[in-house]
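In our numbering, the protein residues as written are 44 to 271. Backbone N, C-alpha and C define an ideal beta-carbon position, used for all residues, glycine too. The model shown is predicted, which means the values in this text are computed figures rather than measured ones.
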Amino acid sequence: MKRGKVERKSLLAIYNRLLRSYGPREWWPAKTRFEVIVGAILTQNVSWHNAKIAINNLKRKELLLPKSMLKAPYRQIANCIKSSRFYNQKAKKLKTFCRYLALKYDGSLDKMFFKDMNLLRNELLDLKGIGKETADCILLYAGKKPSFVVDAYTKRFLARYGLGKEGASYDEIRRLFMENLPKNVYLYNEYHALIVHHCHFVCKSKPQCAICSVNQNCLGFTFSGSII
DNA sequence: GGCCAGGACACCA
DNA sequence: TGGTGTCATGGC
Numbered sequence: 044m045k046r047g048k049v050e051r052k053s054l055l056a057i058y059n060r061l062l063r064s065y066g067p068r069e070w071w072p073a074k075t076r077f078e079v080i081v082g083a084i085l086t087q088n089v090s091w092h093n094a095k096i097a098i099n100n101l102k103r104k105e106l107l108l109p110k111s112m113l114k115a116p117y118r119q120i121a122n123c124i125k126s127s128r129f130y131n132q133k134a135k136k137l138k139t140f141c142r143y144l145a146l147k148y149d150g151s152l153d154k155m156f157f158k159d160m161n162l163l164r165n166e167l168l169d170l171k172g173i174g175k176e177t178a179d180c181i182l183l184y185a186g187k188k189p190s191f192v193v194d195a196y197t198k199r200f201l202a203r204y205g206l207g208k209e210g211a212s213y214d215e216i217r218r219l220f221m222e223n224l225p226k227n228v229y230l231y232n233e234y235h236a237l238i239v240h241h242c243h244f245v246c247k248s249k250p251q252c253a254i255c256s257v258n259q260n261c262l263g264f265t266f267s268g269s270i271i
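(1) With H, G and I counted as helix, E and B as strand and the rest as coil, what does DSSP make of Glu-222?
(2) Mapping the DSSP letters down to three states, classify Leu-168 as helix, strand or coil.
(3) Relative to the alpha-carbon of Arg-217, which residue among Tyr-58, Arg-68, Val-192 and Ile-238 has its alpha-carbon at the smallest distance?
(4) Distance, Cα to Cα, Phe-157 vs Arg-76?
(5) Considering only residues of the same chain and omitting the five flanking positions on each side of Tyr-213, which have a CB-CB separation below 8 Å?
(6) Candidates Cys-242, Tyr-184, Asn-93 and Ile-124: which alpha carbon is nearest Lys-104's?
(7) Please state whether DSSP places Ser-190 in a helix, a strand or coil.
(8) Could you pull out every unbroken alpha helix (DSSP H) segment of at least 4 residues lying fully inside the stretch 107–192, listed in chain order?
(9) Would you mind reading off the limits of the alpha helix (DSSP H) that contains Lys-102?
(10) Going by the beta-carbon positions, is the gap between Tyr-234 and Tyr-58 smaller than 8 Å?
(11) On the criterion of 16 or more Cβ atoms from any shown chain inside 10 Å, does Lys-114 qualify as buried, or is it exposed?
(12) Candidates Asn-88, Ser-90, Arg-142 and Gln-119: which alpha carbon is nearest Lys-102's?
(13) Which same chain residues, not among the five before or five after Val-89, have their C-beta less than 6 Å away from its C-beta?
(14) Classify Asn-88 as helix, strand or coil using the three-state DSSP reduction.
(15) Smallest Cα separation from Gly-186: which of Asn-161, Lys-110, Gly-207 and Ser-111?
(16) Taking C-alpha atoms, which residue in Glu-209, His-241, Ala-211 and Lys-171 lies nearest to Tyr-196?
(17) How about Leu-54 and Leu-183: are their beta carbons less than 8 Å apart?
(18) Let's test the definition: count the other Cβ atoms within 10 Å of the Cβ of Phe-272 and tell me whether it reaches 16, buried, or not, exposed.
(19) Under 8 Å by Cβ, that's how I've got Lys-133 and Leu-168 pegged, so tell me the actual separation to the nearest angstrom.
(20) Taking just the CA atoms, how far does Asn-232 sit from Lys-138?
(21) If I follow the unbroken alpha helix (DSSP H) through Val-245, where does it start and stop?
(22) Rounded to the nearest angstrom, what separates Asp-32 and Leu-206 at their Cα positions?
(23) Where do the ends of the alpha helix (DSSP H) carrying Arg-199 lie?
(24) Note down the Cα distance separating Leu-62 from Ile-173, rounded to an integer number of angstroms.
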């Protein structure tokens, strides 16, 4: 398969089909940018359901603000987020981010997100506890910057379609999307959200879901071979 | 009771 | 550079 136009057409066609099938998802499920960031950290390797319980606990304790979280005892945060698994590590990660925000940007998310996307991404990746997926979630969903998010669902989706090279790295998959789609925040936002919706709510409830089959699929596509 | 769920990191060969 | 162990809850 030729690279370039074919890839772009395929990726856009899949997106349009997903959008037509499910409608806009309008992510991220949070009310503030800080809540998005906290959610991105808490959902690491855990279901959104468990992360949401932790977020609600933080909200009840009025800790869902950078300043109050920074001041709060580490143990209090850990207790609030127990449902999110690995809560001791995640409490440290939240504290680390709040400290970074306070020291580097006077606690202002406006100042932080004013920074160039790639520079900010590197800064976030330097923080202990923030990896590539979490950094991209923060950039896209909280900062409204065009950084495509690759998560377990994205990898599963590509694998089920037979689109992804087996064992493709995070960077390879991210590059695939970013080099073959218009750099558009809304598009990246919806694309990732639609993939999650499809994998989590549709395929999960219907194990026989046709999209998981290479030969026939419920979105009306039949692909063969990797496009990476 | 076992398995899985929207990672990240340290350590080792 | 890639593989593996660690972290350690809640729902089904």
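So, from the data block:
(1) helix
(2) helix
(3) Proximity to Arg-217 across Tyr-58, Arg-68, Val-192 and Ile-238 peaks at Val-192, based on C-alpha coordinates.
(4) 14 Å
(5) Lys-175, Glu-176 and Val-193
(6) Ile-124
(7) Annotated three-state conformation of Ser-190 is coil, per DSSP.
(8) 109–114, 117–123, 130–148, 152–157, 160–169 and 175–180
(9) 91–103
(10) yes
(11) exposed
(12) Gln-119
(13) The residues are Ser-127 and Arg-128.
(14) coil
(15) Asn-161
(16) His-241
(17) In this structure, Leu-183 does not lie closer than 8 Å to Leu-54 by Cβ.
(18) Coverage of the chain is limited to positions 44 through 271, which leaves residue 272 absent and any answer about it impossible.
(19) Between Lys-133 and Leu-168 a beta carbon distance of about 17 Å is seen, past the 8 Å cut, so the two are scored as non-contacting.
(20) 27 Å
(21) It is not in any alpha helix (DSSP H) - Val-245 carries neither H nor E in the DSSP assignment.
(22) Nothing about residue 32 can be read from this structure; the chain reaches only from 44 to 271.
(23) 195–204
(24) 30 Å
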